[in-house]
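First up is the structure itself, then whatever we jot down about it.
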Amino acid sequence: MPKVLIPTPLRQFTGKQDTVSVPGGTVGEVLGALTARYPDLRKQIFTDEGKVRSFVNVYLNDEDIRYLGKDATAAQESDTISLVPSIAGGSTVTAPPETTADAAALSNDEILRYSRHLILPEVGIEGQRKLKAAKVLLVGAGGLGAPLGLYLAAAGIGRIGIVDFDVVDVTNLQRQVIHFSSDVGRKKLDSAAEKMLAINPRLSVVKYETALTSENALAILKDYDLVVDGTDNFPTRYLVNDACVLLGKPNVYGSIFRFEGQATIFAYRGGPCYRCLYPEPPPPGLVPSCAEGGVLGILPGTIGLIQATETVKLILGIGEPLVGRLLLYDALGMRFRELKLRKNPECPVCGEHPTITRLIDYHQFCGVPAPATPAQETQVNEGEIDVTEVKAKMDRGEDFVLLDVREPHEYKIAAISGSRLIPLGEVSKRLGELDPKADIVVHCKSGMRSAKACAILRQAGFERVRNMKGGILAWSDRVDRGVPKY
Amino acid sequence: MIRIEPEPWAAMLAHARQVYPDECCGVMLGISENGAKSVSAALPLENSFEGPRAARYELRPEDLIAAEKAARGRNLDLIGIYHSHPDCDAYFSQTDLKNSCPWYSFVVLSIRGGEFHHANSWLPNFEQTEAAGEELIY
Chain A
111 MPKVLIPTPL
121 RQFTGKQDTV
131 SVPGGTVGEV
141 LGALTARYPD
151 LRKQIFTDEG
161 KVRSFVNVYL
171 NDEDIRYLGK
181 DATAAQESDT
191 ISLVPSIAGG
201 STVTAPPETT
211 ADAAALSNDE
221 ILRYSRHLIL
231 PEVGIEGQRK
241 LKAAKVLLVG
251 AGGLGAPLGL
261 YLAAAGIGRI
271 GIVDFDVVDV
281 TNLQRQVIHF
291 SSDVGRKKLD
301 SAAEKMLAIN
311 PRLSVVKYET
321 ALTSENALAI
331 LKDYDLVVDG
341 TDNFPTRYLV
351 NDACVLLGKP
361 NVYGSIFRFE
371 GQATIFAYRG
381 GPCYRCLYPE
391 PPPPGLVPSC
401 AEGGVLGILP
411 GTIGLIQATE
421 TVKLILGIGE
431 PLVGRLLLYD
441 ALGMRFRELK
451 LRKNPECPVC
461 GEHPTITRLI
471 DYHQFCGVPA
481 PATPAQETQV
491 NEGEIDVTEV
501 KAKMDRGEDF
511 VLLDVREPHE
521 YKIAAISGSR
531 LIPLGEVSKR
541 LGELDPKADI
551 VVHCKSGMRS
561 AKACAILRQA
571 GFERVRNMKG
581 GILAWSDRVD
591 RGVPKY
Chain B
1492 MIRIEPEPWA
1502 AMLAHARQVY
1512 PDECCGVMLG
1522 ISENGAKSVS
1532 AALPLENSFE
1542 GPRAARYELR
1552 PEDLIAAEKA
1562 ARGRNLDLIG
1572 IYHSHPDCDA
1582 YFSQTDLKNS
1592 CPWYSFVVLS
1602 IRGGEFHHAN
1612 SWLPNFEQTE
1622 AAGEELIY
């Protein structure tokens, strides 16, 4: 007998059977016999007039009987008949009625999930709904962004935007806990969004795979209630600050360096902004990045969570916001200190007579070159030398000095054999140890400090000085993988 | 009442965001007991509507047959259909109604500017003249 496959919702009418064998020589006869055996099924498949309902397609094996012989299609013993609903739709045709759902209402599941918040009278249902309705932008999915993303997702923020264009590197894992070992090589955006949605699937994550620039910052920031700055460089920090001041959005600020961190809220109504504190950026290169200066892996956790706390407090409107106060954290001394910050009436962006009324070129302002394009990164300029050329010089047995200007503890981690160590800070004092006529190649970790050392040497009259492009990292990548990267 | 577990819910939202500004569609697998439905898996399907898909969707019957088969293989039932309304509320439109089927829950996701806004579940009648709202928990 031909078999009829019963769709899930109809099995209640067939005594839970998902397959029923009924006699019949045509599809029409089979369906007639089926509905005769299970009368309740009839209404589901046929209209009162006995026609197959418009939403039911009848398939014989994998063919629609409309294109075969319709009801009269012959059904063999081995055939399978399927009842397939016809489903389509769309938002068109009628004008939509008023919004039927309150976006910030809490379902019973959410009430359970956030119960430890709800029983805090300072939060309560109202507060949790505020969190759900809130839109927070994270600039950066790195050290600070990692704890921020995890905790803000868990806390029930409705929408979190993330701006980041980086990929997860193995050196990130020591502190960027939102990224796992298996994420190395993935976009930080994807890795972070995945973890945040795993924690809280109701969260809406908006990914901006771009650097924040003067061209896109206002368009990205305008959709958010507040901005959390998790950046690691001065141009972006000034850009975030200025954009927040211009748009009137609070900027929850944090920064980290080695064992110390800072946090405060800038651009809050009536409060100071980043430029009130630092009208001018430091000279380029004075403040090392985490890659150059190192950072205790736990430090961004502490600072990022202070930022997360202030973010949640601002949304809830509770407590005393960290406005007009710069919180300083010293992990080695395990001390918090506070500095009073005042709004500067002369501030060029938030003062009484602002001179900055739109976003400027922040790389120029900070005196640092715009991020190199991939082509520029590999291009070897005047005064530079490629790692492979340095290796070739060695192999040819040329007489030259390979000068390493890193710190002794870095030298212990990795060194190029035959190199000579004079840390950058000692170069000007120890010029006497070097022959001004010698062929000198200078290297450091990535090329920044060695560029400065080259400048010092050239100024002192050394003529044959070249900077090894990309430093020991490039050496490890392209010459000797046996030299560890750090 | 239909309850959607976090994993399928995240998959549905991701699907809706991914195909925005077009409409997405797919099926929900799970179990149904005494009118209480619980969705434990979502299966994104292709919107096979031939024409602009920003305000229309269509499910291929073959895909539904395959989805039904997949559900049986996982010891689950096909209990609902989902689709998105880009930049539009999660109501059950006339188009939805006229092409619906009373056997299933129809979850509509409102996506605004590429992001999830709200959602509703609907139970259309046999005559395709009305759809009752169904409590949706996610």
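First to last, the protein sequences are chains A and B. Be aware that the first sequence starts at 111, since it is given in our numbering, and climbs by one per residue. Be aware that the second sequence starts at 1492, since it is given in our numbering, and climbs by one per residue. Every residue gets a Cβ at the ideal spot worked out from N, C-alpha and C, and that includes glycine. Quantities reported herein were computed from a predicted structural model and do not represent experimental measurements.
Collapsed DSSP secondary structure at residue i in the structure displayed
| i | result |
| --- | --- |
| S399 (chain A) | coil |
| E287 (chain A) | Here residue 287 (chain A) is Val; the residue named in the question, Glu, does not match the sequence. If DSSP states are grouped into helix, strand and coil, V287 (chain A) belongs with coil. |
| E1621 (chain B) | coil |
| C564 (chain A) | helix |
| E420 (chain A) | helix |
| W1613 (chain B) | strand |
| G1604 (chain B) | coil |
| E173 (chain A) | strand |
| K111 (chain A) | For the sequence presented, residue 111 (chain A) should be read as Met rather than Lys. Coil at M111 (chain A), not helix or strand. |
| G1517 (chain B) | strand |
| N361 (chain A) | strand |
| M1492 (chain B) | coil |
| T190 (chain A) | strand |
| A214 (chain A) | coil |
| A185 (chain A) | coil |
| G199 (chain A) | strand |
Within-8 Å CB hit, residue i to chain B
| i | result |
| --- | --- |
| R312 (chain A) | yes |
| Q190 (chain A) | Note on identity: in this sequence residue 190 (chain A) is Thr, with Gln being the wrong assignment. False, the Cβ-Cβ gap to chain B never drops below 8 Å. |
| V294 (chain A) | no |
| S301 (chain A) | no |
| D219 (chain A) | yes |
| I495 (chain A) | no |
| R269 (chain A) | yes |
| L151 (chain A) | no |
| L307 (chain A) | yes |
| L120 (chain A) | yes |
| A561 (chain A) | no |
| P195 (chain A) | yes |
| S131 (chain A) | no |
| D158 (chain A) | no |
| P206 (chain A) | Its pLDDT being 35, under 50, P206 (chain A) is placed unreliably by the model, and the measurement read from it follows with that caveat. Closer than 8 Å to some Cβ of chain B, the Cβ of P206 (chain A) qualifies, so yes. |
Nearest candidate by alpha-carbon position, reference residue i, set the options
| i | options | result |
| --- | --- | --- |
| G237 (chain A) | A:G268, A:G252, A:K539 and A:P257 | A:G268 |
| I677 (chain A) | A:V355, A:P398 and A:T346 | Not covered by the structure: residue 677 (chain A). The range shown for chain A is 111 to 596. |
| V575 (chain A) | A:G592, A:L583 and A:L544 | A:L544 |
| D590 (chain A) | A:R559, A:D300, A:K522 and A:V500 | A:V500 |
| G329 (chain A) | A:L313, A:L357 and A:R347 | Inspection of the sequence shows that residue 329 (chain A) is occupied by Ala rather than by Gly. Closest by alpha carbon: A:L357. |
| Q186 (chain A) | A:G134, A:G234 and A:G395 | A:G134 |
| L1520 (chain B) | B:E1514, B:Y1573 and B:G1605 | B:Y1573 |
| I197 (chain A) | B:I1493, B:W1613, B:A1545 and B:D1587 | B:D1587 |
| S131 (chain A) | A:L115, A:L120 and A:G427 | A:L115 |
| G371 (chain A) | A:L415, A:L331, A:L336 and A:K359 | A:L415 |
| D279 (chain A) | A:V273, A:G200, A:V350 and A:R296 | A:R296 |
| K245 (chain A) | A:G271, A:V233 and A:G255 | A:G271 |
| A263 (chain A) | A:K242, A:D333, A:G253 and A:C354 | A:K242 |
| G255 (chain A) | A:V337, A:Y472, A:E573 and A:E508 | A:V337 |
| E494 (chain A) | A:V551, A:C476 and A:V593 | A:V551 |
| T421 (chain A) | A:N454, A:A373, A:K522 and A:T145 | A:A373 |
Within-8 Å CB hit, residue i to chain A
| i | result |
| --- | --- |
| D1513 (chain B) | no |
| P1552 (chain B) | yes |
| N1616 (chain B) | no |
| Y1629 (chain B) | yes |
| I1572 (chain B) | yes |
| A1623 (chain B) | no |
| A1649 (chain B) | The shown model of chain B, from 1492 to 1629, leaves out residue 1649 (chain B), and the question about it has no answer. |
| E1537 (chain B) | no |
| E1541 (chain B) | no |
| Y1548 (chain B) | yes |
To test your reading of the DSSP string, which unbroken alpha helix (DSSP H) runs of 4 or more residues are found completely within the region 368–399 of chain A? 384–387
Which parts of the region 295–351 of chain A are runs of the alpha helix (DSSP H), unbroken and 4 residues or longer, counting only runs that do not cross its ends? 298–309 and 327–331
Output, in sequence order along the chain, the residues in the region 163–180 of chain A whose CB is closer than 9 Å to any CB in chain B. R163, S164, F165, V166, N167, Y169, D172 and D174
Ordered list of beta strand (DSSP E) runs contained in the region 1530–1579 of chain B, each at least 3 residues: 1568–1577
Sequence ranges, alpha helix (DSSP H) only - wholly within the region 242–279 of chain A, length at least 4: 255–265
Could you name the residues of the region 1516–1535 of chain B whose beta carbon sits closer than 7 Å to any beta carbon of chain A, in the order they occur along the chain? Residues passing the 7 Å Cβ filter: none.
Along the region 1554–1570 of chain B, where does the CB come closer than 8 Å to a CB of chain A? Name the residues. L1555, I1556, E1559, A1562, R1563, D1568, L1569 and I1570
When you check each C-beta in the region 1584–1614 of chain B against every C-beta of chain A, which residues fall closer than 9 Å? S1584, Q1585, T1586, D1587, L1588, K1589, N1590, S1591, C1592, P1593, W1594, Y1595, F1597, V1599, S1601, G1604, G1605, E1606, F1607, H1608, H1609, A1610 and N1611
Given a limit of 7 Å on CB to CB distance, which residues of the region 313–332 of chain A reach chain B? Within the region 313–332 of chain A, the qualifying residues are S314 and V316.
Please give the ranges of any beta strand (DSSP E) in the region 439–486 of chain A, keeping only runs that are unbroken, at least 3 residues long and fully inside the region. 445–450
Please give the ranges of any alpha helix (DSSP H) in the region 491–573 of chain A, keeping only runs that are unbroken, at least 4 residues long and fully inside the region. Every unbroken stretch of the alpha helix (DSSP H) spanning 4 or more residues and falling wholly within the region 491–573 of chain A is given here in chain order: 497–505, 518–523 and 558–569.
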